[in-house]
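The numbering of the sequence shown is the UniProt record's numbering, which starts it at 1 and goes up by one.
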Amino acid sequence: MAHLSYVNIFARDVVALSGFYSEVFGFPEIEAIRSPIFRGIDAGHCAIGFNAPDAYELLTLQDFSNPTGAGFLLNIDVDTVEEVDAMVPKAVEMGATLIKAPYHTYYNWYQAVLLDPEGNVFRINKMLD
1 MAHLSYVNIF
11 ARDVVALSGF
21 YSEVFGFPEI
31 EAIRSPIFRG
41 IDAGHCAIGF
51 NAPDAYELLT
61 LQDFSNPTGA
71 GFLLNIDVDT
81 VEEVDAMVPK
91 AVEMGATLIK
101 APYHTYYNWY
111 QAVLLDPEGN
121 VFRINKMLD
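Written out as structure tokens, the structure reads:
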């Protein structure tokens, strides 16, 4: 059976952006895979990788190196509503932009929508019972 191992994000500054997610969510770096153009962090059930722009050429993706708009939505689940409320201001303090303050969704989640310091969309979620 297949499973998701990594979600990779192209980043202008892999050190700063991986550090942002590590600091806000407490995800530790996977130092064994560190390179000059890559950082990885352990996000629990999968990892988040951060690729420098040099990786576009390495992966033969030069024609796709200038994306526009939201290319993906990273979802990070937490255990309580209180954690959502606590992590949002921490993320903003660390350079995130709040797009939608924590709210209850029609599908019974409590979530906030933000942009990380490089403009990537992410949500902090608590799935409610």
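Each residue gets a CB set at the ideal place from its N, CA and C atoms; glycine is no exception.
Segment limits, alpha helix (DSSP H) that includes residue i
i	result
A86	81–93
D54	54–58
Local conformation of residue i per DSSP, three classes
i	result
A2	coil
E118	coil
V78	coil
E37	Here the sequence assigns Ile to residue 37, which means Glu is not the residue at that position. I37: coil per DSSP, three-state reduction.
F10	strand
D63	helix
N-terminal and C-terminal residue of the beta strand (DSSP E) that residue i is part of
i	result
Y103	97–104
F50	47–51
Cα-Cα separation between residue i and residue j, rounded to whole angstroms
i	j	result
F25	A32	20 Å
Y103	S22	24 Å
P117	L17	7 Å
Classification of residue i by the beta-carbon crowding that lies within 10 angstroms, buried from 16 upward
i	result
I41	buried
K126	buried
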